[in-house]
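Shown next, in the form of structure tokens:
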């Protein structure tokens, strides 16, 4: 339940289409606004937005326009279209002369500030509501509940308890139920001190909502009480209340339908699964989890990226729900007949794919479109490996063109994560202690499926969490690294990978590089000065770029500091790297001052390129907002890269390969490698070649030249070309350490 958004009733997130109402008599704007509010109350948020936009456009007076803008802003806020909501609510707040309407706008602006993680701004708006609103009115009470949400944790239960008598006295049962639902949710979160208030609030909300027994508020009240009892371990009552909520939802009648309650049904079934598991009924837990996943799949396209508590909806809902289902389904697998095992394994694979899709959407900050998983995309010589980290064990799904099988490894998640972080840290800093974790991970992740690798030419890994930090090529069987056995590729998910054959013929390439940066250094905050390599003793290692912080958090660079940063950021090997690749491909070169963002845009818009190669510093952090590449004059973020590389020509013939030869992922952040894949997805590139840590300048030049030489051969896959280039470094004594050859990661299409 999203208490912050009261008193505009929290709606179902699924949209059932756009209902267009054309009023043909006086007061058309008022009719449209009423229709829009009705659509919002029944959960048709998209339809409500269309109607309210019409109402604002057709308003005959400034007052009517302000009223329509307020309703529109609330609907946009509910849909998490935050920038549009801000514009509409600001306009309503400025234009409204009536104190009560101004208080309503201030309440919504406070809710918006809460979602934007601006607590002091939210507090100011809520206090404005208490000053302008009708004393004892619903808006004032809602603002006071939300002020309690902003209070120190130790004070929240006390503040809600003080408000409870006034909430209970509100005359309208429907509004009272919503106020009490919000108060009950907040009191539940306050811990043991809030339990009496939570129970009183939710019990009365249940009673009030029974006047419309199949309403959303009635289902939410039952679910809220079940959540309260879950926090106390009262599992029998959790199950009883959950079943009552499910029964109520199934009897819903227009204007409320079960489909419009699917977000609540998802939460209720998920809680039922947890409760049945606690009761030792794994079969009923699995059935409930399966239903919860079905509801989640239905509402997933409309789930806001950001949940009400500040976490993403992926972190708060989708990941833990899907992990519970995967755990329960795999645990039950051996009890199923062989025919049903295959179906169950496919369900697990699809759930893992759904997790990977949702996490990528979470990283990029939007619900980007993805395709359905298709095992037929694996050619006969390729095999895909899905490691699944569960609390008590490691599960491996092995997918070939024709089969899907599962192997269980009795090692807990904590041990796998520790080994992955040890290996990633040792490789990133060039330490010699990498062999022990490399062998442990090989024994857990590869040795159990070695039989599947026989006769195969490519292993495609779909990594989970911290395993994204690990170059699988460096895993070691005690005699040799995995690289010497097979070519490797990585995908975020098979469902997000175009695994068809690439275009053949001449490689047309756009080559951009920065050997000596220009004005871009002035766009960096002082906190972004490059950190020296921890193990520079290996060779002349590239400096490590700190993850970009908010510009407001640090002062701009002075002239002397900027000049020092230019020297530190210099990549002299870039000139030789770009020249060598240009000689192989005949590509268009933008080097140093020629590689401005605008020049890059013009060239990308006018050319038809199979390959875009960028040799410049960059960093990929934990989100798209903290990921960027340095052009000569400006920062090139992921979203801007999308606009640059989505010209009409490139839309018709998408880029086959995007190479980021000097970028790196943020140290220790297991979401950071998503940035490399996200850059490719934004650019519609079929694959991307990036690096997991700062690379040695000379090693990068050698590898890239060798890689493109191999790529130019007919019939040579990208994975095979990368393997040959890495093996060439491995065979040289000076670059034998995996620090030099292992950071290069091919993500996406490996063919």
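Numbering (this note's numbering), first residue to last: 65 to 815. In this text, a Cβ means the ideal position worked out from N, Cα and C, and glycines have one as well.
field: Reference residue 306, options 133, 549, 332 and 328, closest by Cα
entry: Ranked by how close their Cα comes to the Cα of residue 306, the residues 133, 549, 332 and 328 have 332 in first place.
message: Going by beta-carbon coordinates alone, are residue 576 and residue 678 separated by less than 8 Å?
response: yes
field: Rounded distance between the beta-carbons of residue 520 and residue 447, thought under 8 Å
entry: 5 Å
query: So residue 804 packs on residue 791, CB below 8 Å; how close in whole Å?
result: About 12 Å; that fails the 8 Å criterion.
- prompt: What does DSSP give as the partner residues of residue 817 in its beta bridges?
  reply: In the structure displayed, the chain extends from 65 to 815; residue 817 sits before or after that span and is not available.
- prompt: Who are residue 545's beta bridge partners in DSSP?
  reply: 540
- prompt: In terms of alpha-carbon separation, which member of 737, 312 and 173 lies closest to residue 535?
  reply: 737
query: Nearest CA to the CA of residue 292: which residue from 380, 430, 419 and 249?
result: 249
task: Would you list the residues sitting across from residue 812 in a DSSP beta bridge?
output: 751
- request: Tell me, to the nearest whole angstrom, how far the beta carbon of residue 164 is from that of residue 197; I am working on the premise that it is less than 8 Å.
  value: 6 Å
- prompt: If you check the beta carbons only, do residue 630 and residue 585 fall under 8 Å apart?
  reply: yes
task: Identify whether residue 509 lies in helix, strand or coil by the three-state DSSP scheme.
output: Residue 509 falls in the helix class under three-state DSSP.
field: Simplified DSSP assignment, three categories, for residue 801
entry: DSSP places residue 801 outside both helix and strand once states are collapsed to three, so it counts as coil.
- prompt: How is residue 728 classed by DSSP in three states: helix, strand or coil?
  reply: strand
- prompt: With 16 as the cutoff for other CB atoms within 10 Å, does residue 619 come out buried or exposed?
  reply: Because the pLDDT of residue 619 is 46, which lies under 50, any placement of that residue in the model is unreliable, and the number read from its coordinates should be weighed accordingly. When all chains shown are included, residue 619 counts as exposed.
query: Can you tell me whether residue 172 is buried or exposed, with buried defined as 16 or more other CB within 10 angstroms of its CB?
result: buried
- prompt: Between which two residues does the beta strand (DSSP E) harbouring residue 787 extend?
  reply: No beta strand (DSSP E) contains residue 787, which is instead part of the alpha helix (DSSP H) from 782-794.
- request: Take residue 540 and list the residues in its own chain whose beta-carbon comes closer than 8 Å to its own, dropping the five residues that flank it on each side.
  value: 499, 502, 503, 506 and 546
Meets three-Cβ-pair contact criterion under 8 Å: the stretch 379-397 and the stretch 344-357: yes
- prompt: What residue from 152, 228 and 186 has the CA that sits closest to residue 266's CA?
  reply: 228
- prompt: Going by the beta-carbon positions, is the gap between residue 578 and residue 554 smaller than 8 Å?
  reply: no
field: Whole-angstrom distance between residue 636 and residue 655, CA atom to CA atom
entry: Their backbone Cα atoms lie some 12 Å apart in a straight line.
- prompt: Going by C-alpha distance, which of 245, 722 and 105 is nearest residue 741?
  reply: 722
query: Along the chain, where does the alpha helix (DSSP H) that runs through residue 332 open and close?
result: 326-342
field: Exposed unless 16 or more other CB atoms sit within 10 angstroms - verdict on residue 106
entry: buried
field: residue 677 (DSSP reduced to helix, strand or coil)
entry: Strand.
- request: With a threshold of 16 other CB atoms inside 10 Å of the CB of residue 387, please say whether the residue is buried or exposed.
  value: buried
field: Cβ neighbours of residue 806 in the same chain (closer than 7 Å, five flanking residues each side left out)
entry: 491, 535, 537 and 538
message: Taking only three categories from DSSP, how would you classify residue 44?
response: The question about residue 44 has no answer, for the chain in this structure spans 65 to 815.
message: Taking the straight line between their C-alpha atoms, what separation do you get for residue 581 and residue 429?
response: 29 Å
- request: List the endpoints of the continuous alpha helix (DSSP H) containing residue 774.
  value: 761-775
task: Identify which residue in 747, 746, 749 and 768 has its Cα closest to the Cα of residue 755.
output: 768
- request: Tell whether a beta-carbon distance below 8 Å holds between residue 247 and residue 209.
  value: Yes, they are a contact pair.
query: Considering only residues of the same chain and omitting the five flanking positions on each side of residue 214, which have a CB-CB separation below 7 Å?
result: 183, 186 and 187.
- prompt: Excluding the five sequence neighbours on either side, which residues of its own chain have a C-beta within less than 7 Å of the C-beta of residue 611, listed in chain order?
  reply: With a pLDDT of only 43 at residue 611, under 50, the local geometry of the prediction cannot be trusted, and the value read off the model is given with reservation. Within the same chain, residue 611 has close Cβ partners 683, 685, 690 and 730.
field: Cutoff 6 Å; reference residue 240; Cβ partners in own chain excluding five residues on either side
entry: 234 and 272
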